[in-house]
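Asks: Quick one: this structure, given as structure tokens, is what I'll be asking you about.
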Amino acid sequence: MKKLINEPADIVAEALLGIAAAHPELRVDHENKIVYRADAPVRGKVALISGGGSGHEPLHAGFVGPGMLDAACAGEVFTSPVPDQVMAATRLVDGGAGVLHIVKNYTGDVMNFEMAAELAAAESGVEVVSVVTDDDVAVQDSLYTAGRRGVGVTVLVEKIAGAAATEGYDLARVADVARRVNAGGRSMGMALTSCTVPAAGHPTFDLPDDEIEIGIGIHGEPGRRRVPAAPAREVAEMLMEPILADLDFTGGDGVLAFVNGMGGTPLLELYIMYNEVATILAKSGVTVARSLVGPFITSLEMAGCSVTLLKMDEELLRLWDAPVRTPGLRWGM
Amino acid sequence: MADGTATIDAAVIERWIRAFAAAVAENEELLTRLDSAIGDADHGSNLARGMKAVLAKLDGGPPGGPAALLKQTGMTLVSSVGGASGALYGTFFLRMAGTAGTADGIDQAGFAAALRAGVEGIVARGKAEAGDKTMYDALAPAVDALDAAMGGDDFSGALRAAADAAAAGRDATTPLLARKGRASYLGERSVGHQDPGATSAALLVAAAADTLG
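Residue numbers (my numbering), protein chains in the order written: chain A, 1 to 333; chain B, 1 to 213.
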């Protein structure tokens, strides 16, 4: 294993030191491993907190700032944060208008945020509402599994709900917008290579040079099936077919098309994938209203990509276009 | 040997927890390897980190009474492990603490009841059912075996029966199809792999048999 690290046990703490050094507009609580806005709490604004295992950067800490998250809790690599962290973050950023927890649907994340919300309700009286994202169509038989995973749509929820909170929406309306984004978004990912969890020191799964994994999760957990390596055109079909089969994306105000890199794939290839995705959408009668291309929710150094489509409407378009200033997404300010 | 009123005090509980910590440290690589096959390759390192934190708390002077000790262990695991295993093992010890009462010691039947309450806490938090290929598949047969063997005067033997049942439950997870946690995303491909959570849970029961009997 070759990685730009010192000791595997220090990875998260040292990355947070780097974030603090690189981004003076953010604050870092190193003890609780929380990244938060320097101007938190923002009085009267609904505060947004997310968090999860580390290794998905820029998600979540890279999305802290005006127009998006108020705080992000960093867990160990691929391990959810603990309730204490979420509680501490909730106290730090509550500006009196309540707090929205944005949680990806993974067993550990859901349990730890749930414990934090129970403790927050019992101890502090801060009003907390949780929204769980579960957009990954790769998971079939949701009744017999932990359910669909929260993946690419999480980035879009954080941006759009963040804009809603900035516009002055109250907690119930911010949560409603977040749920609407989750309900109108679908994702599917694939891997060319495995990732290596630093503490484990070897690849999480073996993927032969001539095979790819379709339906991968963001922790290297396997997907629907393994197939022979194929050209981008065919890979795009394999990702788009289940997404388009799951929800009707035609009509309305079009879609936001998001091609995400898994961490180890160059932008050059992501744009090739975006071109294929756009071609398929045009053939399927789906209008693209907005696009996003790049590594935004990654899986360490895994090579591969995911595609997320989100049904847009006038309100979501306005909130998506609203100014945002974070290390990972920045426009309009 | 021991009669039903023999007391399990904080020192005994501490021995159990230390033995579990040692077993986790010893099996850290195995747990991570099993998790790498059907999960995300971190069960060993996460649990080892948590139990190290638990030991540090114990070294700083354990609190008085079994309940306080169990509560401290549960809170430390919740705060230091993360993931599902932190919430589930944390909930297990917290529920045990809630049932153990405030006395200086609990009797053997009280311990068995606390153990069952801990396992019920895991079910409440994780919503697992028997056969879902989780830690519950090792713990459920263990508490059943313990209760079944409690009537006699051989607590050691009852704990050994519980440990054997946990080990058998752990082994029986191999052919199962995972229906909870990250392994569930594998579907059919989860078949043929021993569940890492059931494996660490069997270590917990084995540690009890080694220290409490």
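Glycine included, each C-beta is placed from N, C-alpha and C at the ideal position.
(1) Any beta-carbon of chain B closer than 8 Å to the one on aspartate 246 of chain A?
(2) Identify the contact partners of glycine 82 of chain B in chain A, using a Cβ-Cβ distance below 7 Å as the criterion.
(3) Under a three-way DSSP split, which group does alanine 166 of chain B fall into?
(4) Just by C-beta distance, which residues in the region 211-222 of chain A are closer than 8 Å to chain B?
(5) What in chain B is Cβ-close to valine 153 of chain A, meaning under 8 Å?
(6) Just how far apart, CA to CA, sit leucine 293 of chain A and leucine 267 of chain A?
(7) Nearest-angstrom Cα distance between glutamate 29 of chain B and glutamine 194 of chain B?
(8) Are lysine 45 of chain A and proline 198 of chain A touching if we call contact CB-CB under 8 Å?
(9) Our contact map puts serine 200 of chain B next to valine 82 of chain A with C-beta atoms below 8 Å; I'd like the distance itself, whole angstroms only.
(10) Is it buried or exposed for isoleucine 335 of chain A, if we count other Cβ within 10 angstroms and need 16 for buried?
(11) By the 10 Å Cβ neighbour count, where 16 or more other Cβ atoms means buried, how is lysine 159 of chain A classified, buried or exposed?
(12) Between which two residues does the alpha helix (DSSP H) harbouring arginine 18 of chain B extend?
(13) Quick one, which residues of the region 51-82 of chain B are near chain A if we go by CB-CB under 8 Å, in chain order?
(14) Counting only beta-carbon separations shorter than 8 Å, does asparagine 27 of chain B have a partner in chain A?
(15) Pull up the distance between the alpha-carbon of arginine 95 of chain B and that of leucine 88 of chain B, whole angstroms please.
(16) If the criterion is Cβ atoms closer than 8 Å, does the pair proline 327 of chain A and proline 58 of chain A meet it?
(17) Just to confirm the assignment, what range does the alpha helix (DSSP H) spanning phenylalanine 111 of chain B have?
(18) What would DSSP say about asparagine 260 of chain A, mapped onto helix, strand or coil?
(19) Straight-line CA distance for valine 132 of chain A to valine 93 of chain A?
(20) Relative to chain B, which residues along the region 279-301 of chain A have a C-beta separation below 9 Å, given in chain order?
(21) What ranges does the alpha helix (DSSP H) occupy inside the region 31-82 of chain B, keeping only unbroken runs of at least 4 residues that lie completely in it?
(22) Quick one: list the residues of chain B neighbouring threonine 90 of chain A, beta-carbon separation under 8 Å, in chain order.
(23) What residues in its chain sit with their C-beta under 7 Å from that of phenylalanine 354 of chain A, if we drop five residues either side in the sequence?
(24) Is the beta carbon of valine 177 of chain A closer than 8 Å to that of alanine 191 of chain A?
(25) Taking only beta-carbon atoms, is isoleucine 102 of chain A less than 8 Å away from chain B?
(26) Which two residues bound the contiguous alpha helix (DSSP H) that contains methionine 190 of chain A?
(27) Measure from the C-beta of glycine 197 of chain B to each C-beta in chain A and report whether the shortest distance is under 8 Å.
(28) Quick one, are the C-beta atoms of glycine 261 of chain A and leucine 247 of chain A less than 8 Å apart?
(29) Does the pairing of the region 16-32 of chain B with the region 304-311 of chain A give three or more beta-carbon distances under 8 Å?
(30) I'd like to know whether the C-beta atoms of valine 288 of chain A and alanine 236 of chain A end up nearer to each other than 8 Å.
(31) Thinking C-beta only, is phenylalanine 63 of chain A closer than 8 Å to alanine 72 of chain A?
(32) Roughly how many angstroms lie between the CA atoms of methionine 1 of chain B and glycine 152 of chain B, to the nearest whole one?
(33) With a 10 Å radius around its C-beta and 16 neighbouring C-beta atoms as the bar for buried, classify glutamate 234 of chain A as buried or exposed.
(34) In terms of residues, what are the limits of the alpha helix (DSSP H) holding lysine 346 of chain A?
(35) Counting C-beta neighbours from all protein chains within 10 Å, is the total for lysine 180 of chain B 16 or more, i.e. buried, or is it exposed?
(36) Identify each residue in the region 101-124 of chain B for which the Cβ-Cβ distance to at least one residue of chain A is less than 7 Å, and report them in chain order.
Replies: Taking the geometry as given:
(1) no
(2) Gly75, Glu76, Thr79, Ser80, Pro81, Val82, Gly108 and Asn112
(3) helix
(4) Gly217, His219, Gly220, Glu221 and Pro222
(5) Result: empty, since nearest Cβ-Cβ is about 17 Å, beyond 8 Å.
(6) First, the residue type needs correcting, since residue 293 of chain A is valine and not leucine in the sequence shown. About 8 Å.
(7) 14 Å
(8) no
(9) Between valine 82 of chain A and serine 200 of chain B the Cβ distance is about 18 Å, and since that is not below 8 Å, they are no contact.
(10) Here chain A comprises residues numbered 1 to 333, so residue 335 of chain A is not present and cannot be evaluated.
(11) buried
(12) 10-26
(13) Val78, Ser79, Ser80, Val81 and Gly82
(14) no
(15) 10 Å
(16) yes
(17) 108-126
(18) strand
(19) 20 Å
(20) none
(21) 43-59 and 66-80
(22) In chain order: nothing, as chain B lies at least about 15 Å away.
(23) Lying before the first or after the last residue shown, residue 354 of chain A is absent from chain A, which here runs from 1 to 333.
(24) no
(25) no
(26) Methionine 190 of chain A -> not in any alpha helix (DSSP H); beta strand (DSSP E) instead, spanning 185-191.
(27) no
(28) no
(29) no
(30) no
(31) yes
(32) No answer about methionine 1 of chain B holds up, because its pLDDT of 40 lies below 50 and its placement is not dependable.
(33) exposed
(34) Lying before the first or after the last residue shown, residue 346 of chain A is absent from chain A, which here runs from 1 to 333.
(35) buried
(36) none
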